[in-house]
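Working notes for the structure below.
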Amino acid sequence: MIKIGDFARLGQVSVVTLRHYDDIGLLKPVSVDSFTGYRYYSVAQLAALNRILALKDLGFSLEQIEQVLNGLTIDQLRGMLKMKQAEVEQQLAQEQERLARIAARLKQIELEDHMPDYDVVLKNIPAILIASRTVTIPTNDQVPAYLSPAYKEVYSHIKAQGGKDTGPCFAVWHQPAAVLANEVAEAAVPIDRLLSGTDLVKVYELPSAQVVSAVHHGDFENFTQLHAVLLSWIEANGYRVLGTYREIYINHDKSNLSDSATEIQYPVEKAT
Numbered sequence: 003m004i005k006i007g008d009f010a011r012l013g014q015v016s017v018v019t020l021r022h023y024d025d026i027g028l029l030k031p032v033s034v035d036s037f038t039g040y041r042y043y044s045v046a047q048l049a050a051l052n053r054i055l056a057l058k059d060l061g062f063s064l065e066q067i068e069q070v071l072n073g074l075t076i077d078q079l080r081g082m083l084k085m086k087q088a089e090v091e092q093q094l095a096q097e098q099e100r101l102a103r104i105a106a107r108l109k110q111i112e113l114e115d116h117m118p119d120y121d122v123v124l125k126n127i128p129a130i131l132i133a134s135r136t137v138t139i140p141t142n143d144q145v146p147a148y149l150s151p152a153y154k155e156v157y158s159h160i161k162a163q164g165g166k167d168t169g170p171c172f173a174v175w176h177q178p179a180a181v182l183a184n185e186v187a188e189a190a191v192p193i194d195r196l197l198s199g200t201d202l203v204k205v206y207e208l209p210s211a212q213v214v215s216a217v218h219h220g221d222f223e224n225f226t227q228l229h230a231v232l233l234s235w236i237e238a239n240g241y242r243v244l245g246t247y248r249e250i251y252i253n254h255d256k257s258n259l260s261d262s263a264t265e266i267q268y269p270v271e272k273a274t
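Counting in our numbering, the final residue of the sequence shown is number 274, and the numbers go up one at a time with none missing.
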């Protein structure tokens, strides 16, 4: 029999690791000295330890390794390895995308030679239940005059139906940001339950999506710059816009627009 310290050196693991494997039942010693508490292992257990270390190196969890040691069929092991292979391939693809985003950020800094004004984020947003009122806005300078009464109508409808809003209101724009005439927009409010709609106020679920987003602070004087930044990021990172974009009015106090915040979200997919 081999003392735990010697067994650890042979297997190139720590004594702490062997004690942990013992505690969880993954690799128990053949005997434990009742007086000293010393653990003893057999030479044959080196093969089991090597298998544990080999599977751990492949990325398997200790729970998965225990399943293998307890006896799997060759087909079951093959299935586990294929699943792990797919998992690692996905991780590799994600890291490659991250590397591409880093390169794009470096290129942006080199071109502009200053810290970026906006930080662009790629994220997944959940589906959301909304009440909305669609309006057509003749010219871009008339946006407040059309959206403000539309929001009032939506909030009044939600209250009349006994519902509650669950977050900041936002606008869903149905054409590119560069279009500044006859813009079709929805004054949307997230709600807590399914309500009845009307001919003007619609209630439906916006689907989940992967979006590219950034937040603009302050008034709308330089607001269009954020759209340009987002669209440039989308192109530089190999994505394309997929459907309508959203402007989320996180904090809009008309008496102090300098303290306001607006998030723009563009739904995207990887360009083929």
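We put the CB at the ideal spot given by N, CA and C, even for glycine.
Small disclaimer: the values here were computed from a predicted structure and weren't measured.
With distances taken between CA atoms, residue 216 lies nearest to 267 out of 103, 201, 31 and 267.
Within the model, the alpha-carbon separation for residue 208 versus residue 226 is close to 25 Å.
Listed in chain order, the alpha helix (DSSP H) runs fully inside the region 108-192 are 145-162, counting runs of at least 4 residues. A direct Cα-Cα distance of roughly 28 Å separates residue 153 from residue 231. In this structure, DSSP gives residue 26 a state outside helix and strand, which the three-state scheme calls coil. Apart from sequence neighbours up to five positions away, the residues of its chain that approach residue 253 with a beta-carbon distance below 8 Å are 170, 261, 262 and 263, ordered along the chain. The beta carbons of residue 196 and residue 142 sit no closer together than 8 Å. For residue 50, the uninterrupted alpha helix (DSSP H) segment begins and ends at 47-59. Between the region 29-47 and the region 6-14, the count of C-beta pairs closer than 8 Å reaches three or more; the two stretches touch. For residue 230, the enclosing alpha helix (DSSP H) stretches over residues 225-238. One thing to note: residue 203 has its Cβ within 8 Å of the Cβ of residue 135. Per DSSP, reduced to three states, the secondary structure at residue 273 is coil, with no helix or strand assignment. Residue 195 sits in coil when the DSSP states are folded into three classes, being neither helix nor strand.
By the CB criterion at 8 Å, residue 149 and residue 180 fall outside the cutoff. Excluding sequence positions up to five before and after residue 70, its CB lies within less than 8 Å of the CB of 53, 57, 62, 79 and 82, all in the same chain and listed in chain order. Take residue 245, set aside five residues on each side of it, and the residues of its chain with a beta-carbon closer than 7 Å to its own are 269, in chain order. Assignment of beta-bridge partners to residue 248 by DSSP yields 174 and 267. Counting of Cβ neighbours within 10 angstroms places residue 192 among the buried residues, the total reaching 16 or more. Apart from sequence neighbours up to five positions away, the residues of its chain that approach residue 119 with a beta-carbon distance below 8 Å are 227 and 231, ordered along the chain.
Taking 8 Å as the cut-off, the Cβ atoms of residue 129 and residue 210 count as close. Between the alpha carbons of residue 131 and residue 271 lies a gap of roughly 22 Å.
Counting only the Cα atoms, residue 164 lies some 36 Å from residue 243.
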